[in-house]
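Structure first, commentary second.
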Amino acid sequence: MAKAWRPLSLLTIVALIGLGGLLAANSSATGLPDELKAKVDFKVIYPTGGNFQLLADSYHYLDQTKTLVFKALTNGQTVNLSEQATPPFFDLESVVASASQTLTEGKGYRLIESKLGQAAITNFYSEKSLTKIGQSAILNSNGTLLTVQLPTGIQWGQAEWENFFNHLAVGK
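Now the structure itself:
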């Protein structure tokens, strides 16, 4: 009888070790330094996989605004990310639509779906030439408000934004 339990016990031990490894890998995947983990009181959303690389030395926490800022690299471009706990009663679509109406007469944003929810892509225009000069995105997911800012002059199409948002993970 004791021999019959050995394979089952061994399998259980291997499964528990594997699960522990996955949990440890997931908790450190954000690259968030230990001294910042205690300050951040929201889930961290970060790019993973694909052609996205977190710049681990770029993490900063702004105490006054309780905002985490960091950078990621993709296709040779540095993308700036900032995160904070989602304010109470935040409605992504109405906030973006209102700001867009004020800044670009309602033509400066579009909504896309991602695995973490709806994201708003916003465009910024030159006052003089009315050409696009910048682009950013906002995602509200898992109690975290994420803002992504592309470098000046860089524009992503629908497919690039969907690729980015579908390579996001949630951790702490």
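Our numbering numbers the first residue of the sequence shown as 2 and each following residue consecutively. Cβ atoms here follow ideal geometry from the backbone N, Cα and C, with glycine treated the same way. Just so it is clear, the structure is predicted and the values come from calculations on it, not from any experiment.
Going by C-alpha distance, which of the options is nearest residue i?
{"i": "Gln136", "options": "Tyr62, Pro89, Gly154, Glu114", "result": "Gly154"}
{"i": "Trp162", "options": "Thr87, Ser130, Lys173, Lys116", "result": "Lys116"}
{"i": "Gln188", "options": "Ser130, Asn76, Gln150, Leu112", "result": "Absent from the structure is residue 188, since the part of the chain shown begins at 2 and ends at 173."}
{"i": "Leu191", "options": "Gly50, Asn76, Leu69", "result": "The requested residue 191 is not part of the displayed model; the chain covers only 2 to 173."}
{"i": "Pro152", "options": "Glu128, Gln78, Ala121", "result": "Gln78"}
{"i": "Lys38", "options": "Gln150, His61, Thr87", "result": "His61"}
{"i": "Gln85", "options": "Trp157, Ile46, Tyr110, Ile122", "result": "Ile46"}
Can residue i and residue j be called in contact, C-beta distance under 8 Å?
{"i": "Lys44", "j": "Thr145", "result": "yes"}
{"i": "Leu140", "j": "Gly118", "result": "yes"}
{"i": "Leu177", "j": "Leu74", "result": "Residue numbering for the chain in the displayed model covers 2 to 173; residue 177 lies beyond these limits and cannot be assessed."}
{"i": "Thr49", "j": "Ala138", "result": "no"}
{"i": "His168", "j": "Phe91", "result": "no"}
Hey, quick one: how far does the alpha helix (DSSP H) through residue i stretch, first residue to last?
{"i": "Phe43", "result": "Careful: Phe43 lies outside any alpha helix (DSSP H) and carries neither H nor E."}
{"i": "Leu37", "result": "35 to 38"}
Could you tell me the boundaries of the beta strand (DSSP E) in which residue i lies?
{"i": "Gln54", "result": "53 to 63"}
{"i": "Leu112", "result": "110 to 115"}
{"i": "Leu69", "result": "68 to 75"}
Which residues share a DSSP beta bridge with residue i?
{"i": "Pro48", "result": "Leu169"}
{"i": "Ala160", "result": "BP columns for Ala160 are empty, so no partner."}
{"i": "Glu84", "result": "Leu69, Leu147"}
Please check if any C-beta of chain B sits within less than 8 Å of the C-beta of residue i.
{"i": "Ala39", "result": "In summary, chain B is missing from the structure at hand, where a single protein chain is found."}
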